[in-house]
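Chains as they are written, first to last, in our numbering: chain A, 1 to 320; chain B, 321 to 640.
Encoded as structure tokens, the structure appears first; notes follow it.
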């Protein structure tokens, strides 16, 4: 399935991306020069993350693993060899044990100066099925967009890493699931959940969240999610401008995502927080899970500049 | 639900769209001048269709009805009064009895020169639950994109209508469902279908298709869909360049849509047909239905030019 899906992705975006098999990795069609090479990767099933963000202003390469399975170091090494452009390699890695281990091994073996930004924006739980610490989820998209932008200006490796770490530190996410996802090879739902329950704080692989709750009105669920996020971000949100990302987990209609956005924006406004940038859609999915996540990133001028800069990828495009 | 969702949509895209209630319609934030005003509309539940396509290079206004329910003539009249720009009004209407009736009433009452493009790209069935003739489905997006583009050049009403009619005539679509959709107000699935069956030729409101079939391998299902489309388009596809649109119906992961694209492209290539343009994603949905549709539009230089031209809307954006 992955092979055919990747082939279709490459054909549909043949102007933007190249695809390599054995080991599997994707790169920009047109190799960038004299910049830090930005590489991400992770298990498949979260599309458009990460391959959908390859292109000018964002990633140079992405390494897809099998569904919900980390890519292996040979993929990252081959990708780095293909895209390195004389200023080092920055790896953007979501905090899952398998990914961390494999990207660390790759980093040690890379014949180029390199650094890693580890994303851990999910404030739902500390430690989880596949994670020590916090999970990296949809906030990763914001990191990839902004780090991709600063790299495009010719910034050095340390500056790229510093911006990525800063964004991760001032970004918090939480998800909610109404149904499980189904890993194709397993053929049955990852977890059981009744039509009357929700999983608050679910992970993007169907990992348990904070608690199983009874279904309530959307407004109450969204308010609880915003409260969790603001508690996590603490003083940083005082009178802040933020980017509000409402992310579908795969099977949630856009109509519902906009409803969530509406309520989330209202909850933030009531706390004196201004939504200055927004993104609504399926950006970090969990195969076919019905549910959504909310991400809040506290903005400053640097982050705004790099969020707004031109980007030309299959899944995010503006200014070009 | 619709009110909150529309409010969220407007907030998330406040730079692009304005929202008006009672009657409900959405317009470009910045009114266009001296061009044919392009207006579409239809029941909610198909997002991003139509409001997601408001903006420079595409629609001037959209009129959302309640979920799966036609908007009423007062909406179209108010929208037209807001956006008309001295060159007449073109209404783009999907062929469903309710929409046709309401847009016809609006057209008769409009104090502006106007014309209508009726889309009917669904080759699955003739006559259906809500339709006399063929249904208008995802091909409508291609009509809206290209007619929006030609209108932007200052083309007159007749030229806009002619391009819309031409595209509709050389575009064919067919959908397949693995699950039903659930209309929120009804609270239960529109139709029953077992996990081992598919509805071949399903409509975007869950209308019956050609037949209920047993689940088979993806390749066989896609081949059947392409055969239906090519049979419908007939000689037009000989050595043709086409736009291939793989459209998710709401709950289908992007990974699967790209797999469908891969196989569909292969099937077309085997018939000597070149996929020269592509679009993959959720563009004309059926709330939370699991399934997808395939649309093939036979290209010529005029259609390619207007497909490629800059567009700046919430759901389609390039060149700007």
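All C-beta atoms in this analysis are idealised placements derived from N, C-alpha and C, irrespective of residue type, glycine included.
Residue of the options minimising C-alpha distance to residue i
i                      : options                       : result
residue 161 of chain A : A:146, A:171 and A:175        : A:146
residue 218 of chain A : A:42, A:280, A:208 and A:258  : A:258
residue 535 of chain B : B:499, B:569 and B:568        : B:499
residue 510 of chain B : B:636, B:521, B:528 and B:490 : B:528
residue 449 of chain B : B:472, B:436 and B:415        : B:415
residue 12 of chain A  : B:544, B:385, B:610 and B:597 : B:597
residue 341 of chain B : B:424, B:392 and B:377        : B:392
residue 360 of chain B : B:327, B:336, B:353 and B:410 : B:410
residue 325 of chain B : A:302, A:315 and A:265        : A:265
residue 371 of chain B : B:606, B:330, B:432 and B:570 : B:330
residue 386 of chain B : B:625, B:345 and B:567        : B:345
residue 198 of chain A : A:269, A:211 and A:111        : A:211
residue 268 of chain A : A:298, A:169, A:253 and A:122 : A:298
residue 126 of chain A : A:193, A:76 and A:172         : A:172
residue 119 of chain A : A:143, A:182 and A:234        : A:143
residue 364 of chain B : B:545, B:516, B:419 and B:475 : B:419
Contact list for residue i against chain B, beta-carbon separation under 7 Å
i                      : result
residue 261 of chain A : 328, 331 and 332
residue 280 of chain A : 332
residue 48 of chain A  : 574
residue 317 of chain A : 637 and 638
residue 149 of chain A : Under the 7 Å cutoff, chain B gives no residues; its nearest Cβ is about 17 Å from residue 149 of chain A.
residue 104 of chain A : By Cβ distance, chain B contributes nothing, its closest Cβ being about 27 Å from residue 104 of chain A, past 7 Å.
residue 213 of chain A : Chain B residues near residue 213 of chain A: none, gap ~20 Å exceeds 7 Å.
Cross-strand partners of residue i (DSSP beta bridge)
i                      : result
residue 338 of chain B : B:347
residue 40 of chain A  : A:62 and A:92
residue 197 of chain A : A:214
residue 376 of chain B : B:632
residue 494 of chain B : B:614
residue 289 of chain A : A:250
residue 307 of chain A : DSSP output for residue 307 of chain A lists no bridge partner at all.
residue 509 of chain B : B:502
residue 166 of chain A : Per DSSP, none; premise fails for residue 166 of chain A.
residue 69 of chain A  : The partner list for residue 69 of chain A (beta bridge, DSSP) is empty, contrary to what the question assumes.
residue 435 of chain B : B:410
Proximal chain A residues relative to residue i, where beta-carbon distance stays under 8 Å
i                      : result
residue 608 of chain B : 251, 252, 253 and 290
residue 464 of chain B : Neighbours of residue 464 of chain B on chain A: none; closest Cβ ~17 Å, over 8 Å.
residue 527 of chain B : Those within 8 Å of residue 527 of chain B in chain A number zero; the least Cβ separation is about 18 Å.
residue 460 of chain B : Within chain A, no residue comes near residue 460 of chain B; the closest Cβ sits about 16 Å away, beyond 8 Å.
Between the CA atoms of residue j and residue i - distance to the nearest angstrom
i                      : j                      : result
residue 139 of chain A : residue 35 of chain A  : 23 Å
residue 232 of chain A : residue 417 of chain B : 51 Å
residue 272 of chain A : residue 240 of chain A : 8 Å
residue 557 of chain B : residue 628 of chain B : 21 Å
residue 366 of chain B : residue 604 of chain B : 5 Å
residue 274 of chain A : residue 454 of chain B : 47 Å
residue 202 of chain A : residue 213 of chain A : 12 Å
residue 319 of chain A : residue 313 of chain A : 11 Å
residue 423 of chain B : residue 382 of chain B : 12 Å
residue 330 of chain A : residue 38 of chain A  : The question about residue 330 of chain A has no answer here: the residues shown for chain A are numbered 1 through 320.
residue 56 of chain A  : residue 141 of chain A : 15 Å
residue 222 of chain A : residue 84 of chain A  : 42 Å
residue 300 of chain A : residue 289 of chain A : 33 Å
residue 317 of chain A : residue 444 of chain B : 33 Å
residue 329 of chain A : residue 70 of chain A  : There is no way to answer for residue 329 of chain A, as the model of chain A reaches only from 1 to 320.
residue 170 of chain A : residue 245 of chain A : 14 Å
residue 427 of chain B : residue 435 of chain B : 8 Å
residue 343 of chain B : residue 507 of chain B : 26 Å
residue 432 of chain B : residue 412 of chain B : 16 Å
residue 339 of chain B : residue 243 of chain A : 22 Å
residue 380 of chain B : residue 456 of chain B : 20 Å
residue 49 of chain A  : residue 79 of chain A  : 16 Å
Residues that residue i contacts on chain B, provided the C-beta gap is smaller than 9 Å
i                      : result
residue 1 of chain A   : 538, 575, 576 and 579
residue 270 of chain A : The contacting residues do not exist; residue 270 of chain A stays about 14 Å from chain B at best.
Contacts that residue i makes with chain B (C-beta to C-beta distance below 8 Å)
i                      : result
residue 45 of chain A  : 573 and 575
residue 192 of chain A : What residue 192 of chain A touches in chain B: nothing, since even the nearest Cβ is about 16 Å away.
residue 285 of chain A : 573 and 574
residue 5 of chain A   : 575, 576, 578, 579 and 582
Contact set between residue i and chain A, taken where Cβ atoms lie within less than 7 Å
i                      : result
residue 594 of chain B : By Cβ distance, chain A contributes nothing, its closest Cβ being about 12 Å from residue 594 of chain B, past 7 Å.
residue 627 of chain B : Neighbours of residue 627 of chain B on chain A: none; closest Cβ ~14 Å, over 7 Å.
residue 360 of chain B : Residues of chain A passing the Cβ test: none, with the nearest at roughly 17 Å.
residue 519 of chain B : The contacting residues do not exist; residue 519 of chain B stays about 17 Å from chain A at best.
*Which residues, in chain order, does the segment 216 to 241 of chain A contribute to contact with chain B at a C-beta distance below 7 Å?*
Residues are counted here when their Cβ sits less than 7 Å from a Cβ of chain B; for the segment 216 to 241 of chain A the count is zero.
*Taking Cβ-Cβ distances below 7 Å as the criterion, which residues of the segment 469 to 502 of chain B are in contact with chain A?*
The residues in question: there are none.
*asked:* At a CB distance below 8 Å, what residues from the segment 421 to 446 of chain B approach chain A? Give them in sequence order.
replied: So the list is empty, because no residue satisfies the distance condition.
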